[in-house]
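Protein chains in written order, with our numbering: chain A, -1 to 285; chain B, -1 to 285; chain C, -1 to 285; chain D, -1 to 285. Glycine included, each C-beta is placed from N, C-alpha and C at the ideal position. Have a look at the structure below before the remarks.
Number of protein chains: 4
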Amino acid sequence: MIGFIGLGIMGSRMAENLIDSGYELIVHNRSKEKAARLLQKGAKWADSPKEVAKQSDVILTMLATPRAVEAVALGEHGFLPHFPKGSIWVDCSTVDPAFTRKMAEESAKRGIRFLDAPVAGSKIPAEKGELVFFVGGRKEDLEEILPLLNAMGKAIHHQGENGKGTSMKLVVNLMLAESMAAFAEAVTLGEALGLDKETVVNTLLNGPTTAPFLNGKKEHILRNYFATEFPLEHMQKDLQLMAQSAYENNVSLPLANAAKELYGLAKQYGWGQQDFSAIYGLLSTKK
Amino acid sequence: MIGFIGLGIMGSRMAENLIDSGYELIVHNRSKEKAARLLQKGAKWADSPKEVAKQSDVILTMLATPRAVEAVALGEHGFLPHFPKGSIWVDCSTVDPAFTRKMAEESAKRGIRFLDAPVAGSKIPAEKGELVFFVGGRKEDLEEILPLLNAMGKAIHHQGENGKGTSMKLVVNLMLAESMAAFAEAVTLGEALGLDKETVVNTLLNGPTTAPFLNGKKEHILRNYFATEFPLEHMQKDLQLMAQSAYENNVSLPLANAAKELYGLAKQYGWGQQDFSAIYGLLSTKK
Amino acid sequence: MIGFIGLGIMGSRMAENLIDSGYELIVHNRSKEKAARLLQKGAKWADSPKEVAKQSDVILTMLATPRAVEAVALGEHGFLPHFPKGSIWVDCSTVDPAFTRKMAEESAKRGIRFLDAPVAGSKIPAEKGELVFFVGGRKEDLEEILPLLNAMGKAIHHQGENGKGTSMKLVVNLMLAESMAAFAEAVTLGEALGLDKETVVNTLLNGPTTAPFLNGKKEHILRNYFATEFPLEHMQKDLQLMAQSAYENNVSLPLANAAKELYGLAKQYGWGQQDFSAIYGLLSTKK
Amino acid sequence: MIGFIGLGIMGSRMAENLIDSGYELIVHNRSKEKAARLLQKGAKWADSPKEVAKQSDVILTMLATPRAVEAVALGEHGFLPHFPKGSIWVDCSTVDPAFTRKMAEESAKRGIRFLDAPVAGSKIPAEKGELVFFVGGRKEDLEEILPLLNAMGKAIHHQGENGKGTSMKLVVNLMLAESMAAFAEAVTLGEALGLDKETVVNTLLNGPTTAPFLNGKKEHILRNYFATEFPLEHMQKDLQLMAQSAYENNVSLPLANAAKELYGLAKQYGWGQQDFSAIYGLLSTKK
């Protein structure tokens, strides 16, 4: 049986794809309501991470922060101490590489095999099973769980030892965060200069200066309505993880840090649970 | 006869495309050497902007800064006072919209028709006649010179009245400047986290988070060799124009300003005349 | 007779000190109401800068922006073309050194002597005649108007040729702008960490890490009430002048530019006409 | 007997003041050489933190990072598990409040009393016993060790429960970090505008816009020689702790983060072990 812990926007869709591919799932989430649809589809419910551990040999986790992952794995009723030797833990959460390595060590101590396998892609790709996985860990362990990842994703990239999957994920999200903010600034500037908003958006999206994912944010920007695909406060959290990792490895990221504070200010001003394209909301507001 | 003033990396290639399309050109540049190839191909030389004005009914200018444009138009031996009424001045330089409107007024006072027509695209598109023009000014004036622009570009977008071409250009360059810096930060972070540089670059370029133009910077980044297509110090200048225009129109651009100072620091540390991808040079240096 | 143009928060108080010291004044301002008190005290009213020029041999200007100064000097009904040869223009406005040098040249062309004499100090020192003047221009010209400056200030520092007074003023205001923002961030952080606000404020103000002028902002911060001594939007304008001057002289000011955008955002969110300590308002707001 | 762990620039001077006040000390440091002077003066040497714990009833720690504190307290040969119940641990290190609270909990679990007591002041005040302590923890515990703190400091400020001392320290260092960077930018701008460097420095230091501690950096700036009082890389570390704490408590610090990256870049370019005034070195360099 496959354990799945963390059933938010991403996790619930990933778990459903596993069920649809024929896997038997035992699931746990902080609030049980989010599991309703999965339980209807035949998933089993566990009252705690510990219970998940007792009934599965692979556990996938998809949680919002390093702290949440640590609580689920090593907190009271955490799964790691109860997980049989030789089992595999696949952490799909976006965390920082130092934390990933710590979890890998905690796993190794207990004879558990660990893979970091964070994903690129938000709500829609999660639904369609078109996520991209960046994986850190031993190749043979990855091969063993490959069918699982294939049920949820369209591409699986092995990056090296534990921590490298997480590292690549942070790199990718840095591009996302800064590109989104750049687009928001560009549209804001264009409007301030008297250009037609739609013309600006289309000119940018049809030119070579703008990342393709921003096509998916076009309506958010045009309508000032930021339906959540990837919550702004999660992007801010990821920027904090990047900043922490950059500090630990002695590199400077002036723009990422400026973006971090800007997303932070947006959160402070009430946009935290909207899509991260709401950074445009912060910049375009006039009072 | 067509006048062309400003024969740098861009201007010389644009002028050559005009000659190749059968136009007769009279050219001027601060240093005559840069005109050599054009003169061989039949262009006429003028010793001053004023001389250009006397022998042409359309003048194109392609210069580095508002100050340079103003000097050529209105300085000693400037062309504007000597340009016959009804003539057309097409300024392809990247300047700021307030300056553009000032030049439009100075032109109108003298009965000259003015178009702002800055271009997207650097060295290679200039060479191939594949620039994109953003044009501000009267439609009928644009139509009159359309064949000229078509000889140099692959797309001509009319944005509205004078200043709007310039405005769109600044918007596009904001995306360029921030995307380039974001890419440089992403690769720097990836390397610091122990990822393989080439894998990082390819992962980003093959994913949806990265602007297509960055494919053209791949070799710059991989080889740490920043062959100049668009000089870093010109990008810094454009960022200054954006910041000025944003200030004048009451919007905030925190990332663009952070980028401005980062490019400025790169210039200070010796990368000003290299390609603007040299921002990666600044960030990845360790001493 | 002494001409005085620009009767805002600062100018009105400076002019009153001149009257109180026995000088005869002819004044002009965009809106006449602001002159009421001075007219009651015996000042003469002029309907235009040009009228001021015809009746005075020294003109002081105290205006908000380079554009405003240029309009008053060289615009329609500007004073400079009508000012008798040998007269002295003292510009107390905070502008940028390049603009100051341009005004010095325009003056010189017409045989007018020019001094840049911006001031440190806001509302209260202006009222008390305790401003500090930073002066650029010829020493003998300064000596001639020294009694005037002494009527408005407590210290007059000659910095060198034209532009140097303006330059020192920008340097001083950079410290003001960044120190104020730093103080706002420090208090915001302290409160977020659960410290008592008043304790934080007092600890900082009583320690060596905090600039003395911040004592004057204590009540603003404690009461979240930002009674205008120096309007936030003027500080943002000065930061723009610093950024422009830094760009022109090839130095990077990452913090000043970050501050510029932060004050800009505060203006955008409605704090522009409050005191510049309202930067704390922007940072401490939660929605 | 008093235990003292961590004998760097600060710790060695603090420990010496304790000896000079008549306390018996047992000391430990990663490298024994740094203890030489103290051992000559009668301090006892311990080969590990654990050894310190066995022979003392108060332990003071003065270390560079949370990680270093954790290693000394809870790592292999850490002191905490061997420290008698009822003993007092006083952590003078600059860390973040979340870490402080974690150490307080680890102490409480073992019946140890814990105080966070970081200090304001660098090398010289440490030498003279003129540090300022910000203390978090129970008042009665503080009273018990007050004579110790008085031997090292001139003022002891109780801020509240555990974590509050650390919090105030971060607030104070934020002012230090930003004020130093502001001063460096101001001088850099002044020089770029052609002002005399010494005049700029003196004008700022004699005016109300500049924090008093900057008098102590005057010679560093004038001579471009940054003799280490407080290493730049420690300031960068503290900025990282502030950024982390601000993130955890939902406030934005745009300038502190810009400063963090600027100090980070300075470290990257070789100024890490010089005084933090070397931020001026980064900004004023031209290549």
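Extent of the continuous alpha helix (DSSP H) to which residue i belongs
i        : result
B:Ile86  : Taken as a continuous stretch (DSSP letters only), B:Ile86 belongs to no alpha helix (DSSP H), being part of the beta strand (DSSP E) at Ile86 to Asp89.
A:Ala257 : Pro252 to Ala264
D:Ala102 : Pro95 to Lys107
C:Phe181 : Lys162 to Ala190
A:Val198 : Lys195 to Asn204
Chain-order list of residues whose beta-carbon lies under 8 Å from that of residue i (same chain, five-residue window excluded)
i        : result
D:Val198 : Ala184, Val185, Gly188 and Glu189
Chain D contact residues for residue i, given Cβ-Cβ distances below 7 Å
i        : result
A:Ser250 : Glu259, Gly262, Leu263 and Gln266
Where the beta strand (DSSP E) containing residue i begins and where it ends
i        : result
A:Asp273 : From DSSP, A:Asp273 is part of no beta strand (DSSP E); its letter is neither H nor E.
C:Val67  : Not the beta strand (DSSP E): C:Val67 falls in the alpha helix (DSSP H), residues Pro64 to Leu72.
C:Leu23  : Leu23 to His26
A:Ala153 : Gly151 to Gly158
Inter-residue Cα distance where the pair is residue i and residue j
i        : j        : result
A:Met240 : C:Gly262 : 27 Å
D:Gly4   : D:Ile17  : 15 Å
A:Ala225 : A:Ile219 : 11 Å
D:Tyr267 : B:Thr283 : 7 Å
D:Pro79  : D:Arg108 : 7 Å
D:Pro47  : D:Gln234 : 27 Å
D:Ala257 : D:Ala175 : 7 Å
B:His156 : B:Gly163 : 7 Å
C:Ser177 : D:Ala180 : 7 Å
B:Phe77  : B:Phe2   : 11 Å
D:Met60  : A:Asp89  : 37 Å
Chain-ordered neighbours of residue i on chain A, where CB pairs are closer than 7 Å
i        : result
C:Lys195 : What C:Lys195 touches in chain A: nothing, since even the nearest Cβ is about 17 Å away.
is_contact[residue i, chain D] using C-beta, thresh 7 Å
i        : result
A:Asn200 : no
C:Ala276 : no
C:Pro95  : yes
C:Glu142 : no
C:Glu227 : no
C:Ala69  : no
C:Ala184 : yes
Minimum Cβ-Cβ distance from residue i to chain A less than 7 Å
i        : result
D:Tyr245 : yes
D:Asn255 : yes
B:Thr92  : no
Proximal chain D residues relative to residue i, where beta-carbon distance stays under 8 Å
i        : result
A:Gln242 : Gln238 and Gln242
Within chain A, the residues that residue i reaches when beta carbons sit closer than 8 Å
i        : result
C:Val285 : For clarity, residue 285 of chain C is Lys in the given sequence; the question names Val instead. Within 8 Å Cβ-Cβ: Gln266, Tyr267 and Gly268.
B:Gly188 : Ser165, Met166 and Val169
Cut-off 7 Å between Cβ atoms - residues of its own chain near residue i, not counting five sequence neighbours on either side
i        : result
B:Gly119 : Glu128, Leu129 and Val130
Minimum Cβ-Cβ distance from residue i to chain B less than 7 Å
i        : result
A:Met173 : yes
A:Glu176 : yes
A:Ala124 : no
A:Glu74  : no
A:Glu49  : no
Cutoff 6 Å; reference residue i; Cβ partners in own chain excluding five residues on either side
i        : result
A:Arg11  : Ala124 and Glu125
D:Gly161 : Pro95, Thr98, Arg99 and Gly134
A:Leu251 : Ala244
Beta carbon proximity, residue i to chain C, threshold 7 Å
i        : result
D:Glu286 : Absent from the model: residue 286 of chain D. The displayed extent of chain D is -1 to 285, so no value can be given.
D:Leu191 : yes
D:Ala179 : yes
D:Glu231 : no
Within chain B, partners of residue i - CB distance below 7 Å
i        : result
A:Pro210 : Pro206
A:Ala118 : Gly205
Under 9 Å by beta carbon: chain D residues contacting residue i
i        : result
C:His155 : Thr197 and Thr201
C:Ala102 : The premise fails here: C:Ala102 is roughly 14 Å from chain D at the closest Cβ pair, so nothing lies under 9 Å.
Neighbour list for residue i in chain B, Cβ cutoff strictly below 9 Å
i        : result
A:Leu281 : Val249, Ser250, Leu251 and Pro252
Where residue i meets chain B, residues with beta-carbon distance less than 8 Å
i        : result
A:Glu217 : Near A:Glu217 there are no residues of chain B at all, since even the closest Cβ is about 17 Å away, more than 8 Å.
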